[in-house]
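Working notes for the structure below.
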Amino acid sequence: MDNVTLARATMGTSLAFHIVFAVLGVGLPLLMLVAEGLWLRTQDEVWLNLARRWSKAFGILFAVGAVSGTSLSFELGLLWPRFMAFSGAIFGLPFSAEGFAFFIEAIFLGLYLYGWDRLTPVVHWLTSIPIAVSGALSAVFVVMANAWMNSPSGFRLGSDGGLLDVDPLAAALNPSTPTEDPHMLVSAYVVTGSLVASVYAIGLLRRRDDPLHRRGLVLGMSMAAVAIVLAGITGDTSARFIYQAQPAKFASMEGIYHTVRGAPVHLGGIPVDSEQRVVGAIEIPNLLSLLAAFDPNAVVRGLDTFPPNDRPNTVLVHLSFDTMVGFGTLIGLTAALFWLLVIFRRRLPMWRPLLFLIVVTGPASVMAMEAGWFVTEFGRQPWIVYEVLRTSEAATNAPALGPTFLIFFAIYIGLAVTTARLLLLQAKRNRAAA
Amino acid sequence: MSEAEIVAAILWLALTAYAVLAGADFGGGVWDLLASGPHEAEQRRAVAEAMGPVWEANHVWLIFMIVGLFTGFPAAFGILSMALYLPFTIALVGIVFRGAAFAFRAHGREEVGAASAWGVAFGGASVIAPFFMATGAAAVASGSIRVSGGHLVSGFEAGWATPYGLLVGLFAVAMCAYIAATYLTVETEGTPLEGDFRRRAAVAGLVAGAAAITSLVLAPFAAPSLAHALFGRGLPLLVIALINGPIALVAVWRSRPRVARIAVAAQVIFVLWAWAVGQWPYLVPPDLTIADAAAPNATLTALLVVTGIGSLLLLPSLWFLFRVFKSRNPAAIY
Ligand code: HDD
Ligand code: HEM
Ligand code: HEM
């Protein structure tokens, strides 16, 4: 394989791995903050128990997030030296701000994890606030950098290819930032809430019906329910922005090969490039134009208006988009059903099919989030910086990219397996202690 | 000083903080690997207790340096990433293993056990990471990385895969072990472990000293640009380091842990700044100066503003962290 393919494979694998831990780094501190706060108010030990269990798991999750994030910071340069030499001065600012967010997060996490016996309960609880805030801020800052890759702004290119008029603030606040950032942030809460609810639903299915499991489920479902509504709204805003700003990505998301007035939505199906159509999809006429422009007869630009080497991989982008929206819908419906039953029956639903659905939403939320990133990243191709720098021009020419990829792939698998094993053993130990 | 020079100095400060703080965490891994004698288990526990609350914060200095480098000096970042692809990738594997292995053991102690394969991974990775980072530093300092017309022309092995690079790597690992053992004598003051770590500190200090003297003697032949830096503008700091080195060793040997801790940390600072001052104004000698590699002024200004605001939040937090966990022994700041 050539260096570009290997670099993309290594980068994509590392990001897809890191993001799972990163979203938990955004969401879990908020849940710990709430649980410990409820304990301080009610003095009910169950809340403290929840916070303590999550903090133990978080100790491992954060460290894996930190080391995989470190890989990414190195890989940006090791794999894409030309991209970084070109972009560093423009989009480095949010990364630098993120550096400080990491500092604050790591410092207060040290206090939180090791300070249970050394700090007073209130001070201990207070240390969770900077963790939750800086976790969210690191996500916001790093996605600003990614948004800049989608909507490069804050600079001009001179006739010799040099940079002119660099404005790092304008680059950080590029046109993609207002759509990408909120959507990513709420997705992090969707994933955390769904995974937590999923864990306690498993316990309840195994008939471990106690206050701890019930409250864990309620906290997780609360976070997931609020966040999934916001994910739908912000995702819709993103899609409308993409319709205008990145027409090739949009056409790939929807499998639109030919420019049409009154474009349909393709639900599912597989885009077949050779036939220039989506095979096996449910077609809903005019809906896409309506969604994208509030006009059932709006024009949607087709892939055939782009030179073949300026088109993203339509199959991947379309299937990823449908996966994200499909799982998002599943999560939304599950949360709606759960809360409707809670509100009308005035007690927690212990209906097994519903609990089973909640178990499924955990992994489904992770897949929705990964799929969303696939839409963003594969949909931007062949550009690493949209319409400015091609991915193929940005990779390193260093030797031994193949072994690097294999080594990191093996490391990530090892880390994932060990993390999972340790978390399961922790759960077992918790049960034995209870 | 120009804005670019201020940013370069700040990055060098971050490198210093990383060496003094995270260096000790790597050294802790070395002593975990080499734990022996009747107090073997206690030695491992002392390392884990000292590192636990602080290693993630210490680690962020590295991230700060990387993002600061690619924001402030993107051209240098691009060149260094290519020239040092191999040693940095190997160091990265070490960093990943070190962090993960430590966390797996610290937060899953009952589950994985102290002497498991993750323990070996923790110790081994703690050697690999500083070793290969230091070989990269040797490549920079020795002026082996050559740039022409913005392109790397010296290939992927230049400067680090040499006997001199290996010597500098050995020096770095010994130095990490030396700092760690010295700090640990303070952490364990008054316990039977103090003597264990004192002897370890002395041995590591002698190895580090021998490696340092050898590399100084060989520098004019193997790394002319480093020799030029150290015997040129870096000379005053080098002389101070040469005086301070024996003082530190004597303090270690005479059981003056708190003096020793300060003297050993100061030694790291003197060596790093003798190099920095010596090669000023070059970032990657002999072809890239600080000014050549610098980002446009708008970026540097923004970076300085972010750093200023960030430091206002960072420094008090850091002070609080160390106060809470390093005040068991009132004088212990590490
Ligand atoms: C739990 C996760 C999750 C869920 C339920 C959804 N999304 Fe999403 N989506 C993401 C998680 C995500 C993401 C992983 O967080 C992405 C990747 C980049 C980003 O900012 O968010 C993303 C990107 C992303 C993009 C590409 C943005 C870009 O390239 O700039 C679009 C158009 C949408 N989403 C649209 C939607 C719509 C219409 C949804 C309706 C239900 C939806 N998403 C649900
Ligand atoms: C964390 C969630 C993310 C995931 C899952 C993800 C996924 C991917 C994937 C799959 C690729 C390979 C693309 C291809 O081969 O076509 C890629 C490339 C890349 N991504 Fe992301 N990405 C994420 C976030 C980010 C962010 C926040 C940035 C940063 C600023 C970023 C920067 C890059 C770069 C530099 C490449 C390599 C060039 C390219 O192929 O476009 N990614 N990513
Ligand atoms: C190119 C993309 C990315 C890079 C270079 C990157 C870099 C890093 C680094 C260096 C760390 C370790 C910090 C430490 O030592 O404490 C980290 C952790 C983290 N990253 Fe990323 N990151 C990327 C993508 C993302 C994305 C897309 C998010 C969005 C949610 C994110 C959120 C976080 C969070 C919350 C942490 C804290 C660690 C944790 O809680 O697990 N990162 N990242």
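Quick note, the sequences are listed as chains A and G, same order. Add 1236 to the 1-based position in the first sequence for this note's numbering, that's all there is to it. Add 1 to the 1-based position in the second sequence for this note's numbering, that's all there is to it. From the three backbone atoms N, C-alpha and C, an ideal C-beta is built for every residue, glycine too. None of these values were measured; they are calculated from a predicted model.
Can you tell me whether residue i is buried or exposed? The criterion is at least 16 other CB atoms within 10 Å of its CB, across all chains shown.
i	result
A/Thr-1356	exposed
A/Lys-1664	exposed
A/Phe-1592	exposed
G/Asn-298	exposed
A/Gln-1480	exposed
A/Gln-1482	buried
G/Trp-1	With chain G covering only 2 through 335, there is no way to say anything about residue 1 of chain G.
G/Ile-291	buried
A/Phe-1644	buried
G/Pro-331	Caution applies to G/Pro-331, whose pLDDT of 40 falls short of 50 and renders its modelled position unreliable; the value that the coordinates give is listed next. So G/Pro-331 ends up on the exposed side.
G/Tyr-335	In this prediction, G/Tyr-335 has a pLDDT of 36, which is less than 50 and means its spatial position is unreliable; what the coordinates show is noted afterwards. Burial call: buried.
A/Met-1605	buried
A/Thr-1470	buried
G/Gly-191	exposed
G/Gly-309	exposed
A/Ser-1434	buried
G/Asp-197	buried
A/Pro-1317	buried
A/Asn-1633	exposed
G/Ala-333	Unreliable positioning characterises G/Ala-333 in this predicted model, as indicated by a pLDDT of 39, which lies under 50. The coordinate reading is nonetheless provided below. G/Ala-333 should be labelled buried.
A/Arg-1277	exposed
If you check the beta carbons only, do residue i and residue j fall under 9 Å apart?
i	j	result
G/Leu-63	G/Leu-273	no
G/Ala-76	G/Leu-289	yes
A/Gly-1371	G/Ala-107	no
A/Glu-1326	A/Trp-1283	A quick correction: the sequence has Ile, not Glu, at residue 1326 of chain A. The answer is no: Cβ separation not under 9 Å.
A/His-1254	A/Ser-1304	yes
G/Leu-185	G/Ala-51	yes
A/Gly-1498	A/Asn-1522	yes
G/Val-253	G/Val-141	no
A/His-1554	A/Glu-1613	no
A/Leu-1266	A/Phe-1298	no
G/Val-218	G/Val-128	no
G/Phe-27	G/Val-174	yes
A/Glu-1311	A/Val-1378	no
A/Trp-1290	A/Met-1457	no
What are the boundary residues of the beta strand (DSSP E) that includes residue i?
i	result
A/Ile-1492	Where A/Ile-1492 is concerned, there is no enclosing beta strand (DSSP E), given that its DSSP letter is neither H nor E.
A/Arg-1288	Counting along the chain, A/Arg-1288 falls outside any beta strand (DSSP E), though it belongs to the alpha helix (DSSP H) covering 1281-1315.
A/Pro-1521	Neither: A/Pro-1521 is in no beta strand (DSSP E) and is coded neither H nor E.
A/Val-1621	1619-1621
A/Leu-1503	1501-1503
G/Pro-225	That residue, G/Pro-225, is in no beta strand (DSSP E); its alpha helix (DSSP H) goes 225-232.
Using three-state DSSP, classify residue i as helix, strand or coil.
i	result
A/Leu-1260	helix
G/Ile-334	Because the pLDDT at G/Ile-334 is just 36, under 50, the model does not fix this residue reliably, and the point stays unresolved.
G/His-40	coil
G/Glu-1	Nothing in the structure corresponds to residue 1 of chain G, since chain G is present only between 2 and 335.
G/Ile-146	coil
A/Arg-1443	coil
G/Pro-75	helix
G/Tyr-283	strand
A/Val-1561	helix
A/Leu-1242	helix
G/Thr-290	strand
A/Pro-1548	coil
A/Val-1402	coil
A/Val-1378	helix
A/Val-1624	coil
G/Val-253	helix
G/Val-55	coil
What residue range is occupied by the uninterrupted alpha helix (DSSP H) comprising residue i?
i	result
G/Trp-119	118-142
G/Leu-315	298-326
G/Val-154	Unbroken run through G/Val-154: none, as it is neither H nor E.
A/Pro-1599	1588-1616
A/Pro-1585	Careful: A/Pro-1585 lies outside any alpha helix (DSSP H) and carries neither H nor E.
A/Pro-1507	Counting along the chain, A/Pro-1507 falls outside any alpha helix (DSSP H), though it belongs to the beta strand (DSSP E) covering 1506-1508.
A/Arg-1665	1637-1669
Could you tell me if the beta carbon of residue i falls within a distance shorter than 8 Å of some heavy atom in ligand 4?
i	result
A/Ala-1528	Judged by which ligands are present, ligand 4 is missing from the structure shown, whose ligands are ligand 1, ligand 2 and ligand 3.
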